[in-house]
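Novice: Quick one: the structure is below, questions incoming.
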Amino acid sequence: MNRLRCRALGAVLLAAWPMLGWGACAPLETPFSQSAAAEGLRAQALSLELPPNETRLLLGQQGERVVAGPALIDVAQEGDLLPRTWTDAVDWSVYGAADAAHAATVLQRDADGRLCRIERFRVALGQRVSDGGFRLAYDAQGRLIAYASYDTARRSNARLAQACLSRDAQGRITAFHGECAETPRLPVYYVRDAQGALERIIDLRAGALGAVVHRYGADGKVAAVYRARPDDSQPDHVTAHAVPPNDNDRVLVVAPDAGPALDTEIPDEPWQLVRVPADTVEGDALPSWDPAVHTVLMQGRTDATGKVALAAEQVPAFHQALRDTPGRVFLYISPMARYLPLTALGPDVWRACTDPGNTDPKACG
Amino acid sequence: MVAMAMASVRLALRRRRLHGLRSGALALALLAGLDAAQAQVQTSAQAQSQAQRQVPAQAFDRQAQTQRFARWVSDFQRDFRKLDGVRNPTDADIERIFADTIVPGSRAVTFVRQMSEQPEGSTAGGIAFAGPRRLVLSVLRQAVVAGDGGPYTDAPPGKAPQQLRAWYLHIDGGGMLEPLFADREIYTDYRLPATGTLEREVYPFLLFQEGPTLRLGAITREFWAVIQYLDNKQHG
Chain A
216 MNRLRCRALG
226 AVLLAAWPML
236 GWGACAPLET
246 PFSQSAAAEG
256 LRAQALSLEL
266 PPNETRLLLG
276 QQGERVVAGP
286 ALIDVAQEGD
296 LLPRTWTDAV
306 DWSVYGAADA
316 AHAATVLQRD
326 ADGRLCRIER
336 FRVALGQRVS
346 DGGFRLAYDA
356 QGRLIAYASY
366 DTARRSNARL
376 AQACLSRDAQ
386 GRITAFHGEC
396 AETPRLPVYY
406 VRDAQGALER
416 IIDLRAGALG
426 AVVHRYGADG
436 KVAAVYRARP
446 DDSQPDHVTA
456 HAVPPNDNDR
466 VLVVAPDAGP
476 ALDTEIPDEP
486 WQLVRVPADT
496 VEGDALPSWD
506 PAVHTVLMQG
516 RTDATGKVAL
526 AAEQVPAFHQ
536 ALRDTPGRVF
546 LYISPMARYL
556 PLTALGPDVW
566 RACTDPGNTD
576 PKACG
Chain B
6 MVAMAMASVR
16 LALRRRRLHG
26 LRSGALALAL
36 LAGLDAAQAQ
46 VQTSAQAQSQ
56 AQRQVPAQAF
66 DRQAQTQRFA
76 RWVSDFQRDF
86 RKLDGVRNPT
96 DADIERIFAD
106 TIVPGSRAVT
116 FVRQMSEQPE
126 GSTAGGIAFA
136 GPRRLVLSVL
146 RQAVVAGDGG
156 PYTDAPPGKA
166 PQQLRAWYLH
176 IDGGGMLEPL
186 FADREIYTDY
196 RLPATGTLER
206 EVYPFLLFQE
216 GPTLRLGAIT
226 REFWAVIQYL
236 DNKQHG
């Protein structure tokens, strides 16, 4: 009888929620202290503990190791955001609790089997009390678009963390943002071509001044990484450049229409721009320091103030050399000191590169 | 002064290591399949092609087997506590006390005896170290059964061959074990083989004998690698 009533309630709620565009799970704004039964959910008790701020490694459906971290949706260190979270990958059946009254974790699913809530419990003074948990939200097509994690139920709606996803018509993730505002603040954009293949990941979580762009090749691997850094000469401006594959050398970012602005502070000191063979820059690149392998492209002496100054006609040749053999042209200011010059991305190129609407594979130049 | 104190701590640490797991002799004597029963194990490539042909879905009931396994772990722990009351236990003592949890005459008997000979834990320089028994039990408690590795005939030296069954175990580890499972020298390719097929060096497993109760027949180097790794970790 009771179950029937529950089902009827569930059916009413089921009928109401799609109109709100939230599938059958309650919106994230709903207080977490509201009982799951009132939301028409079915409980699955687990003996497993999922402590907040701790990572567990759970058994996946295919036997794989599933990282169950404090965040349900998180930006992967590298690569695409999968359209499923770890909660889908885990084989929950092995963690079932024989005694539901003592379960440390309870999964709450809606009538369609979608996971709506994960509730955590702890024992305090011999009593089992709620210890917060997660809420998940889905779009009208039933695709996960947001989660929030909550503190203890005492502060009924204190959110510890949340994240939202934007998806295109095919359900592919186009943006991740942590604040779930109407217009994403500090998002990560996933730029895709017409077929859905990942072209770029534009990571703006550190703001425009700390933007990082990963460009992907047709093989699905990272082809280049671009990073913005504040411009020393103009505050509030950034210069962006492609990050060299290894970080053995000091980087000298050079504006695309200028020569290197390098101040050695020693007047009349010889400098050299040299090219090294490809096999000398592998690993720790120590063989590339040998003057015997150097091909001198340009040389000169610092001016009276100690600056490395290129003649105007040398500037195009300088940047052409960097383009021809990226990562293999060095600027030596003494036999023991060198820089790896990198051509900065022009402001227009960088704007195109960080524009999520730009799907041109050559947007970053 | 400080330097001297440091040196004595280091010395103490080193001395501890000598009769910890690091002696290695304990491990090597026990691991099933180091010498015997290699012939019946398929080569990795054969098994892989077989795995591809099979449906990836698990026919194996993980939930039921994990419950049986969890019961076995708590019984195994209970038997260890019983063993604490026996001074210098013989193999016969162990077989009697662990009658429900290990196979008599198996490598597991030797394993239990050698674990009981090691200290449960120790402290050196104010640092508490867990002995092998505590490590093994803690790893077993955080394990769930991931799959069935099929039958396995183990021939303990000087004993009759035994028909056992391999059970693949998923061990949580809270993130600590990921470097180990990514180590290609120990697990050539960490993945769960198809139900009923045994592959070496891809997934931790233990050997059990089915019956009215589950009984341990032998531990394996795939499982022991986890214990060794955790032991090395606590010694920094």
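Protein sequences, first through last, are from chains A and B.
Sequence positions in the first sequence follow the working numbering and run 216 to 580.
Sequence positions in the second sequence follow the working numbering and run 6 to 241.
Where is the CB? At the ideal position from N, CA and C, for every residue including glycine.
Please read these numbers as outputs of a predicted model, since none were measured by experiment.
Please report how far the alpha carbon of G386 (chain A) lies from the alpha carbon of D408 (chain A), in whole angstroms.
Specialist: Distance between the alpha carbons of G386 (chain A) and D408 (chain A) is about 14 Å.
Novice: Chain B partners of D289 (chain A), CB-CB under 7 Å?
Specialist: Residues of chain B passing the Cβ test: none, with the nearest at roughly 14 Å.
Novice: So V305 (chain A) contacts chain D; which residues on that side make the cut at Cβ distance below 9 Å?
Specialist: Checking the listed chains, one finds no chain D in this structure; the protein chains it contains are A and B.
Novice: Based on Cα-Cα distance, which residue from A:C379, A:D451, A:L501, A:L537 lies nearest to P475 (chain A)?
Specialist: Among A:C379, A:D451, A:L501, A:L537, the Cα nearest to that of P475 (chain A) belongs to A:L537.
Novice: Does any C-beta atom of chain B lie closer than 8 Å to the C-beta of T270 (chain A)?
Specialist: True, the Cβ-Cβ gap to chain B drops below 8 Å.
Novice: Along the beta strand (DSSP E) that carries D314 (chain A), what are the first and last residues, could you check?
Specialist: First-last for D314 (chain A): undefined, no H or E at that position.
Novice: So is I481 (chain A) buried or exposed if we call it buried at 16+ other beta carbons inside 10 Å?
Specialist: It is exposed - the Cβ of I481 (chain A) has fewer than 16 other Cβ atoms within 10 Å.
Novice: Does G278 (chain A) get closer than 8 Å to chain B when you measure Cβ to Cβ?
Specialist: So, interface residue.
Novice: Note down the Cα distance separating R189 (chain B) from N237 (chain B), rounded to an integer number of angstroms.
Specialist: Answer to the nearest angstrom: the Cα atoms are 18 Å apart.
Novice: For the structure I just gave you, are there three or more beta carbon pairs, one from the region 376 to 394 of chain A and one from the region 277 to 293 of chain A, closer than 8 Å?
Specialist: With a cut-off of 8 Å, the region 277 to 293 of chain A and the region 376 to 394 of chain A count as touching, because enough Cβ pairs lie within range.
Novice: Identify whether V530 (chain A) lies in helix, strand or coil by the three-state DSSP scheme.
Specialist: Here V530 (chain A) sits in helix by DSSP.
Novice: Would a C-beta distance cut-off of 8 Å place Q249 (chain A) and L322 (chain A) closer than the cut-off?
Specialist: Taking 8 Å as the Cβ cut-off, Q249 (chain A) and L322 (chain A) do not qualify as a contacting pair.
Novice: Which value, in whole angstroms, describes the spacing of the CA atoms of E394 (chain A) and T300 (chain A)?
Specialist: Taking the straight line from one Cα to the other gives about 18 Å.
Novice: Taking only beta carbons into account, state which residues of the region 180 to 208 of chain B come closer than 8 Å to chain A, listed in chain order.
Specialist: Here the close residues are G180, L182, E183, F186, Y195, R196, L197, Y208.
Novice: Just to confirm the assignment, what range does the alpha helix (DSSP H) spanning F247 (chain A) have?
Specialist: It is not in any alpha helix (DSSP H) - F247 (chain A) carries neither H nor E in the DSSP assignment.
Novice: When the Cα of A223 (chain B) is compared with those of B:R83, B:V114, B:A75, which residue comes out closest?
Specialist: Residue B:V114 is the option with its Cα nearest to A223 (chain B).
Novice: What residue range is occupied by the uninterrupted alpha helix (DSSP H) comprising P137 (chain B)?
Specialist: That run of the alpha helix (DSSP H) goes 137 to 146.
Novice: Give the interface partners of G311 (chain A) over in chain B, defined as CB-CB distance under 9 Å, in chain order.
Specialist: Neighbours of G311 (chain A) on chain B, chain order: Q68, T71, Q72.
Novice: Expressed to the nearest angstrom, what Euclidean distance is found between the alpha-carbon atoms of L501 (chain A) and A552 (chain A)?
Specialist: Roughly 13 Å between the two C-alpha positions.
Novice: If we define contact as Cβ-Cβ less than 8 Å, is A230 (chain B) a contact residue for chain A?
Specialist: Answer no: the Cβ-Cβ gap between A230 (chain B) and chain A never drops below 8 Å.
Novice: Taking C579 (chain A) as part of the beta strand (DSSP E), name the residues at either end of that continuous run.
Specialist: Where C579 (chain A) is concerned, there is no enclosing beta strand (DSSP E), given that its DSSP letter is neither H nor E.
Novice: Looking at C-alpha atoms only, which residue of A:P471, A:L419, A:A455, A:L557 is the closest neighbour of P571 (chain A)?
Specialist: That would be A:L419, whose Cα lies nearest to the Cα of P571 (chain A).
Novice: Check for me: the alpha helix (DSSP H) holding V231 (chain B) runs from which residue to which?
Specialist: Start and end: 226 to 239.
Novice: Please list, in chain order, all residues of the same chain as L272 (chain A) whose beta carbon is under 8 Å from its beta carbon, the five residues on each side excluded.
Specialist: Closer than 8 Å at Cβ, skipping near neighbours: R280, V281, V282, A283.
Novice: What is the rounded straight-line gap between the Cα of I266 (chain B) and the Cα of F213 (chain B)?
Specialist: For residue 266 (chain B) there is no data in the structure shown, the boundaries of chain B being 6 and 241.
Novice: Using a Cβ cut-off of 8 Å, pull out every chain A residue sitting near V149 (chain B), in sequence order please.
Specialist: Going along chain A in sequence order, the residues near V149 (chain B) (Cβ under 8 Å) are L274, V309, Y310.
Novice: Please check if any C-beta of chain A sits within less than 8 Å of the C-beta of D153 (chain B).
Specialist: Judged by the 8 Å Cβ criterion, D153 (chain B) is not in contact with chain A.
Novice: Nearest to D446 (chain A) by alpha carbon, out of A:L424, A:D434, A:D483?
Specialist: It is A:L424 whose Cα lies nearest to the Cα of D446 (chain A).
Novice: In or out: D306 (chain A) buried (at least 16 other Cβ within 10 Å) or exposed?
Specialist: The residue is buried, with at least 16 neighbouring Cβ atoms inside 10 Å.
Novice: Which residues does DSSP list as the beta-bridge partners of H429 (chain A)?
Specialist: DSSP, once it has assigned bridges, lists A:I416, A:V440 as partnering H429 (chain A).
Novice: Taking Cβ-Cβ distances shorter than 8 Å, what residues in chain A pair up with D177 (chain B)?
Specialist: Ordered by position in chain A, the residues that pass the 8 Å Cβ test against D177 (chain B) are R271, L272, L273.
Novice: Roughly how far, in whole angstroms, is the beta-carbon of G521 (chain A) from the beta-carbon of D478 (chain A), given that I think they are within contact range, below 8 Å?
Specialist: Their Cβ separation, rounded to whole angstroms, is 6 Å, which keeps G521 (chain A) and D478 (chain A) in contact under 8 Å.
Novice: Give me the Cα-Cα distance between F186 (chain B) and R430 (chain A), rounded to the nearest whole angstrom.
Specialist: Roughly 30 Å separates the two Cα atoms.
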